[in-house]
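Chemist: My numbering applies: residue 27 is where the sequence shown begins, and numbers increase by one.
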Amino acid sequence: MVRALIEVLGIEVLGLSVGYLVGHYLMGLGSTAIVINPVVTNSAMLLLIVILSRNFVVALVVFLLGRYVFIQDLVVALALLYDGLLISYVPPLIALMGVLPHGVFELLGFAEVAVAGRGFARGGAFLRSLFLGVVLIIVAGFIESFVTPRVLLFIFRHGLTV
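(1) Taking just the CA atoms, how far does A151 sit from I62?
(2) Taking buried to mean at least 16 other C-beta atoms within 10 Å of its own C-beta, is N68 buried or exposed?
(3) Assuming E38 is part of the alpha helix (DSSP H), what are its boundary residues?
(4) Enumerate in chain order the residues of its own chain whose CB-to-CB distance from V48 is below 7 Å, with the five nearest sequence positions on each side excluded.
(5) Can you list, in chain order, the residues of its chain whose CB lies under 6 Å from that of A103, leaving out five sequence neighbours each side?
(6) Classify L107 as buried or exposed, calling it buried when 16 or more other Cβ atoms lie within 10 Å of its own Cβ.
(7) Using only CA atoms, which one of G135, L74 and V139 lies nearest to I163?
(8) Ordered along the chain, which non-local residues of its own chain (more than five positions away) have a Cβ less than 7 Å from that of R144?
(9) Taking the alpha helix (DSSP H) that S108 belongs to, which residues open and close that run?
(10) Report, in whole angstroms, the separation of the C-beta atoms of V34 and A137, which I expect to be a contact under 8 Å.
(11) Return the chain-ordered list of same chain residues with a C-beta closer than 7 Å to the C-beta of I77, the five sequence neighbours on each side being excluded.
Put into structure tokens, the structure is as follows:
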């Protein structure tokens with residue numbers, strides 16, 4: 027179980043890193059082809075609902091693909107590749123501070139859900155990992171909705187965009 031968790035975390039970090047590097051490469055070519063559809067709202071609660079809705083759909087797909095480990099890994103990598111592309115269009119400090127506060131919980135949450143899906147597919151124990159994964163995703167959603175915007179606002183107000 028720990029080995030599977032480390033594997034999924036590695037795939038997540040790889041997907042995010044490759045997306046970030048590809049985005050920077052595309053920017054060097056003058057491309058701005060990435061379409062970003064952000065949720066712009068002044069309501070942290072509305073943002074939380076949108077974030078949790080999206081994350082639970084991804085978590086459900088990742089969980090249900092537990093029987094097909096390669097496809098599950100591919101979905102996880104592609105989801106984070108997309109995230110890496112999105113954050114590559116902002117300065118590194120903003121990208122880091124926009125992802126780090128909630129990202130640790132979110133990555134661990136999705137990794138736990140992936141491990142739970144594998145356990146479920148094999149008829150083994152999965153409830154503990156599933157519960158932990160869901161709790162971590164909820165915590166990440168709260169941080170992403172209520173804390174991360176304040177961190178980014180602080181960075182912008184103090185001109186720390188380098």
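C-beta atoms are modelled at their ideal positions from N, C-alpha and C, and glycine is treated no differently.
Modeler: Here's the rundown:
(1) Within the sequence shown, residue 62 is the residue found at index 36, counting from 1. Within the sequence shown, residue 151 is the residue found at index 125, counting from 1. Because the pLDDT of I62 is 49, which lies under 50, any placement of that residue in the model is unreliable, and the number read from its coordinates should be weighed accordingly. I62 and A151: Cα-Cα distance of roughly 39 Å.
(2) Here residue 68 is taken as the residue at index 42 of the sequence shown, counted from 1. So N68 counts as exposed.
(3) To locate residue 38, count along the sequence shown from 1; it is residue 12. Note, E38: alpha helix (DSSP H), V28 to G54.
(4) Working through the sequence shown from its first residue, we reach residue 48 at position 22. Taken in chain order, the residues that qualify are L111.
(5) Numbered from 1 along the sequence shown, position 77 holds the residue referred to as residue 103. Here the set comprises I37 and G41.
(6) Counted from its first residue, the sequence shown places residue 107 at position 81. Result: buried.
(7) On the sequence shown, position 137 is the one that residue 163 refers to. Of the listed residues, the one whose Cα sits closest to I163 is G135.
(8) Residue 144 sits at position 118 when you count from the first residue of the sequence shown. Cβ neighbours of R144 beyond the five flanking positions: A30, G92 and V95.
(9) Working through the sequence shown from its first residue, we reach residue 108 at position 82. Looking at the sequence shown, residue 108 is not Ser but Tyr. That run of the alpha helix (DSSP H) goes V95 to I113.
(10) Locating residue 34 in the sequence shown gives position 8, counting from the first residue. Locating residue 137 in the sequence shown gives position 111, counting from the first residue. That pair is a contact at about 4 Å.
(11) If you number the sequence shown from 1, residue 77 lands on position 51. G167, E170 and S171.
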